[in-house]
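First comes the structure, then the notes that go with it.
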Amino acid sequence: WQGPSPIGGKARPGSPIATNAAGTLVAFVDTNGNLVNDWVSNGAWQGPSGLGGQPRGDSPLAFNAAGDHIYFIDGSGDVANDWVSNGAWQGPSPIGGKARAGSGLATDAAGTHVAFVDTNGNLANDWVSNGAWQGPSGMGGLPRGDSPLAFNAAGDHIFFIDGSGSVANDWVSNGAWQGPSGIGGKARAGSGLATDAAGTHVAFVDTNGSLANDWVSNGAWQGPSGLGGTSR
3 WQGPSPIGGK ARPGSPIATN AAGTLVAFVD TNGNLVNDWV SNGAWQGPSG LGGQPRGDSP
63 LAFNAAGDHI YFIDGSGDVA NDWVSNGAWQ GPSPIGGKAR AGSGLATDAA GTHVAFVDTN
123 GNLANDWVSN GAWQGPSGMG GLPRGDSPLA FNAAGDHIFF IDGSGSVAND WVSNGAWQGP
183 SGIGGKARAG SGLATDAAGT HVAFVDTNGS LANDWVSNGA WQGPSGLGGT SR
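With positions in the sequence shown counted from 1, the corresponding number in this note's numbering is that position plus 2.
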């Protein structure tokens, strides 16, 4: 490991950061409140340059794996996106629904499902069908006010922290969302949440401040078990 080294631009206080799967595009909110990105060209970092839109102060950012769609919550609370067409960023444009204050935001690898918490506190999603955005529609469950959201790559499992602090999930079966159901353990206030591409490992910070995980074995969720380390 080498570094650190700046890649371009300055971020406003509290700005989220997001990258694509390759790590060659990095999005953030600049000091003027604009959604911008840095990118790699010919082996060197370029930017920043505007993508389009001004995310709400508490908005997360979520790139798809290819880095040609980015999702955020705009100043009016609409779930919105920018996208690449003919080599240039387009947008912003709303995709459906309004997100409550503090809502998490997640997308799958393809960028065709976007999950958020609606203004009634319900976990909801928008999705692409026949080339157009549909939704929002409920998925199941009421995430805790500070809960992040995490999709697996396929977009058929989503993980969150429920109102009791339990780590929980919804999943697709026979084409419909099922759940929610706890997978194991309770997360402390402010815990992060992450899953792998397969959605078979989920990491969080437990109520003792320890980094912990749940995992799938023989088709059932196991855990939690410590991974190592304590979180600030």
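Note that CB positions come from ideal geometry on N, CA and C, so glycine has one too.
List the DSSP bridge partners of residue i.
{"i": "P96", "result": "A82"}
{"i": "Q180", "result": "W173"}
{"i": "I19", "result": "F30"}
{"i": "L125", "result": "V119"}
{"i": "K188", "result": "S168"}
{"i": "N39", "result": "A29 and S51"}
{"i": "S131", "result": "A134"}
{"i": "T197", "result": "V204"}
{"i": "W91", "result": "V86"}
{"i": "L107", "result": "F118"}
{"i": "A152", "result": "F161"}
{"i": "A13", "result": "D32"}
{"i": "A101", "result": "D120"}
Can you round the beta-carbon distance between residue i and residue j to whole angstroms, since I take them to be within the 8 Å contact cut?
{"i": "P96", "j": "D80", "result": "4 Å"}
{"i": "G104", "j": "G147", "result": "5 Å"}
{"i": "D198", "j": "P226", "result": "Not a contact, Cβ separation roughly 16 Å."}
{"i": "F74", "j": "G99", "result": "The pair is not a contact, with the Cβ atoms about 13 Å apart (cut-off 8 Å)."}
{"i": "A67", "j": "A111", "result": "4 Å"}
{"i": "G69", "j": "T114", "result": "Contact doesn't hold; Cβ gap of about 15 Å is too wide."}
From residue i to residue j, what distance separates their C-alpha atoms?
{"i": "G55", "j": "Q224", "result": "42 Å"}
{"i": "V31", "j": "N220", "result": "42 Å"}
{"i": "V116", "j": "H159", "result": "12 Å"}
{"i": "W91", "j": "V174", "result": "32 Å"}
{"i": "A205", "j": "N171", "result": "13 Å"}
{"i": "A152", "j": "V38", "result": "23 Å"}
{"i": "G140", "j": "N44", "result": "43 Å"}
{"i": "P94", "j": "N83", "result": "5 Å"}
{"i": "G194", "j": "A134", "result": "31 Å"}
{"i": "A108", "j": "G177", "result": "20 Å"}
{"i": "V218", "j": "N122", "result": "31 Å"}
{"i": "S131", "j": "W3", "result": "42 Å"}
{"i": "V169", "j": "L229", "result": "16 Å"}
{"i": "P50", "j": "G11", "result": "6 Å"}
{"i": "A64", "j": "A23", "result": "11 Å"}
{"i": "G59", "j": "Q180", "result": "32 Å"}
{"i": "K188", "j": "G167", "result": "5 Å"}
{"i": "Q48", "j": "A126", "result": "35 Å"}
{"i": "T33", "j": "R14", "result": "4 Å"}
What are the start and end residues of the beta strand (DSSP E) that includes residue i?
{"i": "G137", "result": "A134 to G140"}
{"i": "Q224", "result": "A222 to T232"}
{"i": "W217", "result": "S212 to S219"}
{"i": "I163", "result": "H159 to I163"}
{"i": "L2", "result": "Nothing can be reported for residue 2: it is not among the residues displayed for the chain, which extend from 3 to 234."}
{"i": "T114", "result": "That residue, T114, is in no beta strand (DSSP E); it is neither H nor E in DSSP."}
{"i": "I75", "result": "H71 to I75"}
State yes or no: is the C-beta of residue i nearer than 6 Å to some heavy atom of the ligand GTP?
{"i": "A156", "result": "In terms of ligand content, the structure shown is empty, and the ligand GTP therefore cannot be addressed."}
Item to check | Segments of 4+ residues assigned as alpha helix (DSSP H) that fall wholly inside the region 41-69 | outcome: none
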